[in-house]
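Engineer: Please read through the structure below; I'll follow up with questions.
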Amino acid sequence: MEVVAFIIIILIASVLQTSTGFGFSIMATPFLLLLFEPAEAIQINLILSLVISSALIMKIKKDIDLGILKRFVTGSVIGLAIGIAVFLHMDMNRLKMGVALMIIALTIMLILKFRMNQSKERDLLIGGISGSLTTSIGVPGPPILLYFSGTDTPKEIVRGTTLAFYLFIYFVSLIIQVVFAGTSKTTWVSSLWALPLVFLGLYLGGKLFKWIDQKVFRLFTYIILLFTGIYLLSESVGSL
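With the working numbering, you'll find the sequence shown wraps up at 328, consecutive numbering, no jumps.
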């Protein structure tokens, strides 16, 4: 059953990541935490997410907003250091609970048509929050996704810019995780076995992206965020 669950998690998460520009970490990490130790689950997610970003970056580079990307990267530098400190010293259940409440609250704000103006300062802040979430729980997507949704950014820019940022953030986060938290044979063997599923997801997700319009794209965003938030909250409360 664990093998079947692993296959389903990786395949669905890969399709979501490729078709929407987000989704792998948000979808995969909570469920991988049920199958592996925290450090293993986070590192498997980082490795596979890095593979996905590397495979897609050349196809979508024309959609990257370089200005936003540079500010995200700059802001993430401090966040990465904060995130690994949190991972090493904070109770994981309390961390997941805080992240879950943040995701649910902000998603509800978006559904209620909350909007914000994009600015350089906010780009830096979002990059910092995303960096801290990547090294702490391996999930950089929620703050960027919520930010882009609140500013009505076109789906092509969202997908291109987030994937380019992920390419940087996943690579650096993986190095930080391995150095400070260590790694295991299980992490790398499981990642290797998952690669065929990832590439199948890349193919299916690429086909799906052509059929998603802006309204459906936003609906996917809300559903995935609410699901992730509620799931993380229930899991963290049940573990207390």
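The beta-carbon is built from N, C-alpha and C at its ideal position, and this holds for glycine as well.
Just so you know, these numbers come straight off a predicted model, no measurement behind them.
According to DSSP, is Arg203 part of a helix, a strand, or is it coil?
Structural biologist: It is coil, neither helix nor strand.
Engineer: Quick one: give me the first and last residue of the alpha helix (DSSP H) that Gly226 is part of.
Structural biologist: Neither: Gly226 is in no alpha helix (DSSP H) and is coded neither H nor E.
Engineer: With a 10 Å radius around its C-beta and 16 neighbouring C-beta atoms as the bar for buried, classify Asn133 as buried or exposed.
Structural biologist: So Asn133 counts as buried.
Engineer: So, are the CB atoms of Ile100 and Met115 less than 8 Å apart?
Structural biologist: Closer than 8 Å, so yes.
Engineer: Would Pro231 be called buried (16 or more neighbouring beta carbons within 10 Å of its own) or exposed?
Structural biologist: Pro231 comes out buried.
Engineer: Only counting the same chain, and skipping five residues up and downstream in sequence, which positions put a Cβ closer than 7 Å to that of Ser137?
Structural biologist: For Ser137, where only same-chain residues beyond five positions count, the Cβ hits under 7 Å are Phe112, Ser113, Tyr254 and Tyr258.
Engineer: Using the Cα positions of Leu285 and Ala143, report the straight-line distance between them to the nearest angstrom.
Structural biologist: About 14 Å.
Engineer: Report all residues from its chain with a CB closer than 7 Å to the CB of Phe175; omit the five preceding and five following residues, and keep chain order.
Structural biologist: Correct list, in chain order: Thr223, Ser224 and Ala269.
Engineer: Please report how far the alpha carbon of Ile264 lies from the alpha carbon of Leu121, in whole angstroms.
Structural biologist: About 19 Å.
Engineer: Which same chain residues, not among the five before or five after Ser279, have their C-beta less than 7 Å away from its C-beta?
Structural biologist: Here the set comprises Ile132, Ile135 and Leu136.
Engineer: Mind checking Arg182: buried by the 16 CB within 10 Å criterion, or exposed?
Structural biologist: So Arg182 ends up on the exposed side.
Engineer: Does Met178 come out as helix, strand or coil in the three-state DSSP assignment?
Structural biologist: Three-state DSSP puts Met178 in coil, outside helix and strand.
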